[in-house]
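>
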Amino acid sequence: TFDESPFGQLISMLSYDIVKKSCQLTDKLLRLLSFISVGLPDERVSMNKIPTTETGSENTNVAGTSASRSIEVKRASPEGSTLLSDVQINESLLPNSEGQLLLAIEVLTSKSCSEEGLEDATSLLLNMSQCSNQTRTVILNLLIRGAKDLARMVKRQITDLMLELKEINCKQKSNFPTPTSTDTSPEEQIGTIHMQQGANMPSTSLGVQLPCSTKTKGILQDRFTKETVIITAPTKVKQTCELQLTSMIPLISKTSSQAFFLRILKVIIQIREAVREAINKDENKSRIVLGPTELTPLSETLGLDDLWDTLSDCLLELEETADNHAVLVLQPAVEAFFLVHASQQNKSNRANQRQRDEQQNSQRQNQANDTNGSAAPAPPTQASQSRPTAPTTATSQSSSSVVDPLSPITITFSHEYEAEEYDDSDAASTVTAPDAGTATQEEEDNTANKQQPEEKQLSSTTREALNADQKKFLQFAEKHRTVLNQILRQTTTHLSDGPFAVLVDHTRILDFDVKRRYFRTELDRLDEGIRREELAIHVHRVTVFEDSFRELYRRNPEEWKNRFYIVFEDEEGQDAGGLLREWYVIISREIFNPMYALFTVSPGDRVTYMINPSSHANPNHLCYYKFVGRVIAKAIYDNKLLECYFTRSFYKHILGTQVKYTDMESEDYGFYKGLVFLLENHISALGYELTFSLEVQEFGVTEVRDLIPNGRNIPVTEENKLEYIHLVCQLKMSGSIRQQLNAFLDGFYDIIPKRLISIFNEQELELLISGLPIVDIEDLKANTEYHKYQANSIQIQWFWRALRSFDQADRAKFLQFVTGTSKVPLQGFGALEGMNGIQKFQIHRDDRSTDRLPSAHTCFNQLDLPVYKTYDKLRSSLLKAIHECSEGFGFA
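When we follow the working numbering, the leftmost residue of the sequence shown carries the number 8, and every step to the right adds one.
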């Protein structure tokens, strides 16, 4: 029997008092057992490999199995025995004894080993669980029982912490009855400042109101939704020392109950997932049988609602404390909650994401093959002069270059109107889902689930429980969003690798700085193991756009990901980073050059840009749009900033989110007001007959386009006016620019996958492209290094006084002068990049003549400042330098 085997005898030694008392002995024994357990027979292996003859029965034992077991199997198997009898004999020798298995599991619950021992105990249980259905069932039942016991201990410890926190928070509220902005959450801070400062807040050219106070550093107001965007996590001003409570000690120790509780949950999930993966294989369908423990959702099996409610209450108390790192005390418990409620969904999402990635890669490969088989588009100097025919209907434009499909417009209304969604044959397959991924994700998920054998065994009750789990963890995440983001900022584990990976599919919960770190890490992973070379780009300063297009258009996406080395013809500058930043700024301006007819100013705000529906006047417009898409994506890829702002609907198209009729406000305000009037009033109030058609004017010629077949003869009624609004918005914001938008997105997604860029919202995407809209002089001063000057030198004091006197336009020109770009890094000036990575702004003393102007080295973010004798001389010289020499290479 197993108990009599050497392996069983070794497991029984875990119960010896001398082993229990010594952590080192326990670790060594667990290490030995984990190594031996690798050789335990796997039911899937033995099913395939056991022959029907006695001669081959010796080979049925996996390498590492004890010799005694080999002899017993051989002697017990008579010549000519069937496959079934061999399996039955192997089953009888496998660890099925609850007493023996309990000894290994008690190591996890009794905390009698170190962290290394935990790893070995986990490996031991995983290996033994693969031996047979009976062994696996016993192990799972014992693990669940142990998890419940530990959960009760964790609940008591969290309750003790919560009671102590309540007492402290009550004392703080009594001592400080009026909370200051520094003691509140970022959302409360910006709300308070909006009420207090109101009209005193400066606004940018885009109408974004920004707080003047440095207390809200790192916080921005979304110009679209007016919500808070956390660019960098604000640091709370601690009125007391770091929070240290006696009730925290049992929660933060290495052998804490919540740490072992988390470990047991991970083992349970690993065993369940390993079985579900194995059952997908054809050879295991009849062999592996899922028991009730494995079919029931883990949250229902454990039944730990009381623990999660206590955890939620305690997290709310921790948010009230002055120590914003105190939430990390309960990080293992929060991770446990997500493992229990989101592990199955996370696994399904990863599988579906892999499937979608494979499909997209296959599509792009087919496109590349088609492109290679046809003639490549010619550069502008060699382009054919034949003008493409202007599209006459939205439907005719849908058959453009193949990229990820666009979304139809969803008509959404205020609470007075009933929300409805429409779809048509042209866009039926183009719906995209909010957050990450496409709108067809749900359909693909359902299809994928139907293809999984283990899902066929799930009852409708089980599926309802999974949906309940999803609702519960989403409610928990929304309620404790601040805590979750604080934990994610402090953890060193990549978001997609840890227990919070499911949040990637619910990005509205994540703050912008957390999303941005995940985004940069994922981009780095795409390039892992790939050596990027330099790609020299030779351009003339007066023809940057044409020269860049000629040099780059025929390059494939992988070549675009190389580091660009910019060479401005007839200039002596060497690109060590500064010229590249300057090239991005110049080409981002040229994108909007009216001569190319690619973009037009939005009539709604006269500041942002949108695609020009009449761009087909330029015969190369689709090639240009694809090039522009790659340039903007390349800037994001390189972590460089551009001078370009687009309408909200344009950002939504990039993100793959649904465009709403309210987005028409910035593109055609008069038309938008007409739609609002139509929504709020009866159709008869218009005073004229409205049909399913729209007048479109191009090059002075007005024509009528039907929204549906024979639409000019179909009147709009009160019953179908919502459909009319949907179709007319579809034509104006998507249909009329379908080809141009497809070409742009084709280029953009060549550099940055859609699944990555879609985690952001419109404001966050604008920040990624354009950076912060204002220059914070105090932040620049705090991140400045001095050479041959001191911070209290009179010239340095004059210098900062002069910068503070500049308006935002002159401050931007100063940045352009010293760094090569006028944009502020998202993380502030502490993240300013130079030739070799992060390079702070430097001021060097120039001991030459004071008649010289200040000079700059953009590759090193360096300003050489002469020793001027007066403030006026310094200010005037600095202004002259930034106005006359902000671009180009030369000697002042």
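Using N, Cα and C, we set each Cβ at its ideal position, and we do this for glycine too.
For Met-740, which beta-bridge partners are listed by DSSP?
The residue you call residue 740 lines up with position 733 of the sequence shown. Its beta-bridge partners do not exist; DSSP assigns none.
> Look at the Cβ atom of Phe-906, then the Cβ atom of Asp-786, and state whether they are nearer than 9 Å.
A question about residue 906 goes unanswered here, because the residues of the chain that appear run from 8 up to 899.
> Could you check the C-alpha separation between Ile-573 and Ala-642 for me, to the nearest Å?
Walking along the sequence shown from the start, residue 573 turns up at place 566. Walking along the sequence shown from the start, residue 642 turns up at place 635. The alpha-carbon atoms of Ile-573 and Ala-642 are separated by roughly 14 Å.
> Cutting at 7 Å between CB atoms, please list the residues of its own chain near Asp-879, excluding the five before and the five after it.
Indexing the sequence shown from 1 puts residue 879 at position 872. The same chain holds no residue with a CB closer than 7 Å to that of Asp-879 once the five nearest residues on each side in sequence are set aside.
> Skipping 5 residues on each side, what residues in its chain have a beta carbon closer than 6 Å to that of Gly-897?
Residue 897 sits at position 890 when you count from the first residue of the sequence shown. Because Gly-897 sits at a pLDDT of 45, beneath the cut-off of 50, its placement in the model cannot be relied upon, and the point is left open.
> Rounded to the nearest angstrom, what separates Met-255 and His-794 at their Cα positions?
The sequence position of residue 255 within the sequence shown is 248, counting from 1. The sequence position of residue 794 within the sequence shown is 787, counting from 1. Roughly 47 Å separates the two Cα atoms.
> Can you give the beta carbon distance from Asp-675 to Gly-611, rounded, assuming they're within the 8 Å contact cut?
Position 668 of the sequence shown, counted from the first residue, corresponds to residue 675. Position 604 of the sequence shown, counted from the first residue, corresponds to residue 611. Asp-675 to Gly-611, Cβ: 7 Å. Contact.
> Would you grab the beta carbon distance between Thr-865 and Val-825 for me? Rounded to a whole angstrom, and I think it's under 8 Å.
Residue 865 sits at position 858 when you count from the first residue of the sequence shown. Residue 825 sits at position 818 when you count from the first residue of the sequence shown. Yes, they are in contact, since the Cβ atoms of Thr-865 and Val-825 sit about 7 Å apart, within 8 Å.
> Expressed to the nearest angstrom, what Euclidean distance is found between the alpha-carbon atoms of Pro-218 and Thr-235?
Within the sequence shown, residue 218 is the residue found at index 211, counting from 1. Within the sequence shown, residue 235 is the residue found at index 228, counting from 1. Any reading at Pro-218 needs caution, since the residue's pLDDT is 38, under 50, leaving its predicted position unreliable; the model's value is listed next. Taking the straight line joining both Cα atoms gives about 12 Å.
> Could you tell me if Ser-421 is buried or exposed, where buried requires 16 or more neighbouring beta carbons within 10 angstroms of its beta carbon?
Against the sequence shown, residue 421 aligns to sequence position 414. Residue placement at Ser-421 is flagged as unreliable, the pLDDT there being 34, under the threshold of 50; the coordinate-derived value follows with that caveat. So Ser-421 ends up on the exposed side.
> Determine the extent of the beta strand (DSSP E) in which Pro-873 is found, giving its start and end residues.
As a working note, residue 873 is residue 866 in the sequence shown. Counting along the chain, the beta strand (DSSP E) containing Pro-873 begins and ends at 869 to 873.
> Cutting at 7 Å between CB atoms, please list the residues of its own chain near Thr-166, excluding the five before and the five after it.
By 1-based counting over the sequence shown, the position of residue 166 is 159. The residues are Thr-317.
> Please state whether DSSP places His-348 in a helix, a strand or coil.
Here residue 348 is taken as the residue at index 341 of the sequence shown, counted from 1. Here His-348 sits in helix by DSSP.
> May I have the straight-line CA-CA distance separating Trp-807 from Val-521, to the nearest angstrom?
Locating residue 807 in the sequence shown gives position 800, where the first residue counts as 1. Locating residue 521 in the sequence shown gives position 514, where the first residue counts as 1. Those two C-alpha atoms are separated by around 33 Å.
> Tell me which residue opens and which closes the beta strand (DSSP E) that Ser-862 is part of.
Your numbering for residue 862 matches position 855 in the sequence shown. Note, Ser-862: beta strand (DSSP E), 862 to 864.
> Jot down the residue ranges of each uninterrupted beta strand (DSSP E) in the region 528 to 589, minimum 3 residues, whole runs only, in chain order.
541 to 546, 570 to 575
> Cα separation between Met-740 and Gln-747?
If you number the sequence shown from 1, residue 740 lands on position 733. If you number the sequence shown from 1, residue 747 lands on position 740. Between Met-740 and Gln-747, the C-alpha separation is close to 12 Å.
> Determine the DSSP secondary structure at Ile-715, reduced to helix, strand or coil.
For the purposes of this step, residue 715 is taken as the residue at position 708 of the sequence shown. Three-state result, Ile-715: coil.
> Excluding the 5 residues flanking Val-490 on each side, which residues of the same chain have their C-beta closer than 8 Å to its C-beta?
As a position in the sequence shown, residue 490 is number 483, starting the count at 1. Leu-322, Leu-325, Glu-326, Val-334, Val-341.
> Tell me whether the beta-carbon of Gln-659 lies closer than 9 Å to the beta-carbon of Asp-670.
Within the sequence shown, the letter at position 652 stands for residue 659. Within the sequence shown, the letter at position 663 stands for residue 670. In the sequence as presented, Gln is not what sits at residue 659; that position holds Lys. Against a cut-off of 9 Å, the Cβ pair of Asp-670 and Lys-659 comes out as a contact.
> What does DSSP give as the partner residue(s) for Asp-853 in the beta ladder?
Walking along the sequence shown from the start, residue 853 turns up at place 846. Looking at the DSSP assignment, Asp-853 forms a beta bridge with Pro-873.
> Tell me which residues share the same chain as Lys-633 and place their Cβ nearer than 6 Å to its Cβ, disregarding the 5 neighbours each side in the sequence.
As a first step, residue 633 must be located in the sequence shown, where it is residue number 626. The answer, listed in chain order, is Ala-750, Asp-753, Gly-754.
> For the candidate residues Lys-180, Ile-278, Lys-173, Leu-502, whose alpha-carbon lies nearest to that of Thr-129?
By 1-based counting over the sequence shown, the position of residue 129 is 122. Comparing Cα positions, the closest option is Ile-278.
> Taking 8 Å as the threshold, find out whether the region 597 to 613 comes into contact with the region 540 to 556 through three or more Cβ pairs.
yes
> Gln-228 lies in the beta strand (DSSP E); which residues open and close that run?
Here the question's residue 228 lines up with position 221 in the sequence shown. That run of the beta strand (DSSP E) goes 226 to 228.
> For Lys-797, which of His-851, Pro-760, Ser-829 has the nearest alpha-carbon?
In the sequence shown, residue 797 corresponds to position 790, counting from 1. According to the sequence provided, residue 797 is Gln. The question's Lys does not apply to it. Of the residues His-851, Pro-760, Ser-829, the one whose Cα lies closest to the Cα of Gln-797 is His-851.
> Is the region 514 to 531 in contact with the region 766 to 780, if contact means three or more CB pairs nearer than 8 Å?
Judged by Cβ distances under 8 Å, the region 514 to 531 makes contact with the region 766 to 780, as three or more pairs qualify.
> Okay, do the region 117 to 129 and the region 30 to 41 touch, 3+ Cβ pairs below 8 Å being the bar?
yes
> If you draw a straight line from the C-alpha of Val-592 to the C-alpha of Arg-570, how long is it?
As a working mapping, residue 592 is identified with position 585 in the sequence shown. As a working mapping, residue 570 is identified with position 563 in the sequence shown. One C-alpha to the other measures close to 17 Å.
> Does the region 531 to 550 come close enough to the region 612 to 629 that 3 or more CB-CB pairs lie under 8 Å?
no
> Taking the straight line between their C-alpha atoms, what separation do you get for Asp-24 and Cys-30?
Your numbering for residue 24 matches position 17 in the sequence shown. Your numbering for residue 30 matches position 23 in the sequence shown. When rounded, the distance between both Cα atoms is 11 Å.
> May I have the straight-line CA-CA distance separating Ser-765 from Val-608, to the nearest angstrom?
Looking up residue 765 in the sequence shown gives position 758. Looking up residue 608 in the sequence shown gives position 601. In this structure, the alpha-carbon of Ser-765 lies about 25 Å from that of Val-608.
> Can you round the beta-carbon distance between Ile-690 and Val-723 to whole angstroms, since I take them to be within the 8 Å contact cut?
Position 683 of the sequence shown, counting from 1, holds the residue named residue 690. Position 716 of the sequence shown, counting from 1, holds the residue named residue 723. The pair is a contact, with the Cβ atoms about 6 Å apart (cut-off 8 Å).
> Express the C-alpha separation of Lys-261 and Val-7 in angstroms, rounding to a whole number.
A query on residue 7 cannot be resolved here, the shown segment of the chain reaching from 8 to 899 and no further.
> Got a sec? Which residues, its chain only, sit under 7 Å from Arg-655 by beta carbon, not counting five neighbours each side?
Working through the sequence shown from its first residue, we reach residue 655 at position 648. Annotation for Arg-655: Phe-231, Asp-670, Ser-673, Glu-769 place their beta carbon closer than 7 Å to its own, counting only its chain and skipping 5 residues before and after.
> Mind checking Thr-499: buried by the 16 CB within 10 Å criterion, or exposed?
Here the question's residue 499 lines up with position 492 in the sequence shown. The residue is exposed, with fewer than 16 neighbouring Cβ atoms inside 10 Å.
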